[in-house]
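Start counting the sequence shown at 1; every next residue gets the next number (the numbering used here). Here a beta-carbon is modelled for each residue, glycine too, at the ideal position from N, C-alpha and C. Here is the structure we will look at, set down as structure tokens.
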Amino acid sequence: MGLSFGPNYIWTDHFAQRALERFEISDEQLPKWVGRQLGSLVEYNKNEEQRPEEKKYVSQIGVVFVCNTIEQKFLTCYEAKDLLPVGKNITIHENNLALFSEEVAHIAKKYRHKDAKEMLMSIEEHLDNFHQFSHKILSGRLTERNYELIGKLIDEFHVIRSAMKVIETKQGDFKG
Numbered sequence: 001m002g003l004s005f006g007p008n009y010i011w012t013d014h015f016a017q018r019a020l021e022r023f024e025i026s027d028e029q030l031p032k033w034v035g036r037q038l039g040s041l042v043e044y045n046k047n048e049e050q051r052p053e054e055k056k057y058v059s060q061i062g063v064v065f066v067c068n069t070i071e072q073k074f075l076t077c078y079e080a081k082d083l084l085p086v087g088k089n090i091t092i093h094e095n096n097l098a099l100f101s102e103e104v105a106h107i108a109k110k111y112r113h114k115d116a117k118e119m120l121m122s123i124e125e126h127l128d129n130f131h132q133f134s135h136k137i138l139s140g141r142l143t144e145r146n147y148e149l150i151g152k153l154i155d156e157f158h159v160i161r162s163a164m165k166v167i168e169t170k171q172g173d174f175k176g
């Protein structure tokens, strides 16, 4: 079972100091670092004596959070060495690299989405024309006027295709 009311928890100065010492997480990074791990916290039952109000939770990446569940505070944090698979050596550096890689991937996706949106907005009129011309051709009779629409439809298609090629090419930008 996860940590109930986890987003409501605050951290003590001691917790912030341990996060900095053990995981190189600064005060500015701390809210994001804690937030990323809240969803994966599960109760960490080591056969140790604990005060009733204190519980230990471990995150998916192996960080133990010692919490006061009455006051809803994070008291301290440390690495759960006994959870690591045999032969796997997770270091603070590797953890930071993984977090950085996730952030780079997120920023790259955000950039690509914004870029594609701007490109589509710039050809919005051509998209509308393409839709209108194709609808008229599909629903109309074969007339000289409708036949001329095919040429216009092809012109709009080429504009749209060019924009899509640009979007496709830019998908490779900022690969992490």
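Our contact map puts Thr12 next to Phe74 with C-beta atoms below 8 Å; I'd like the distance itself, whole angstroms only.
Within the sequence shown, the letter at position 12 stands for residue 12. Within the sequence shown, the letter at position 74 stands for residue 74. Rounded, the Cβ-Cβ distance is 7 Å, consistent with contact.
Assign Phe15 to one of three DSSP states: helix, strand, or coil. Here residue 15 refers to the residue found at position 15 of the sequence shown. In the three-state DSSP reduction, Phe15 falls in the helix class (H, G or I).
* Candidates Ser59, Ile154, Glu71 and Gly6, of which the one nearest Tyr78 by Cα -> Mapped onto the sequence shown, residue 78 falls at position 78. The shortest CA-to-CA distance from Tyr78 to any of Ser59, Ile154, Glu71 and Gly6 is the one to Ser59.
Open item on the list: Please identify the residue among Lys114, Asn129, Ile61 and Ile70 whose C-alpha is closest to the C-alpha of Arg51.
Closed with: The residue given as residue 51 occupies position 51 in the sequence shown. Closest option to Arg51, Cα to Cα, is Ile70.
Notebook entry, point to check: For Gln37 versus Ile61, is the C-beta spacing smaller than 9 Å?
Noted result: Translated into the one-based positions of the sequence shown, residue 37 becomes position 37. Translated into the one-based positions of the sequence shown, residue 61 becomes position 61. Cβ distance < 9 Å, so Gln37 and Ile61 count as in contact.
According to DSSP, which residues form a beta bridge with Tyr57?
-> As a first step, residue 57 must be located in the sequence shown, where it is residue number 57. Paired residues: Glu43 and Phe65.
Secondary structure of Ile10, DSSP reduced to three states:
Position 10 of the sequence shown, counting from 1, holds the residue named residue 10. The answer is strand: DSSP assigns Ile10 an E or B state.
Keeping to the same chain, check which residues put their C-beta closer than 6 Å to that of Leu41; ignore five residues upstream and five downstream. Taking the sequence shown and counting its residues from 1, one reaches residue 41 at position 41. Closer than 6 Å at Cβ, skipping near neighbours: Gly2, Leu3, Tyr57 and Ser59.
field: Paired residues, beta bridge with Thr76 - DSSP
entry: Along the sequence shown, one-based indexing puts residue 76 at 76. Beta-bridge pairing by DSSP links Thr76 to Val66.
query = Looking at the structure shown, is Ile123 part of a helix, part of a strand, or coil, going by DSSP?
reply = Within the sequence shown, numbered from 1, the residue matching residue 123 stands at position 123. Looking at Ile123 - three-state DSSP - the assignment turns out to be coil, as it is neither helix nor strand.
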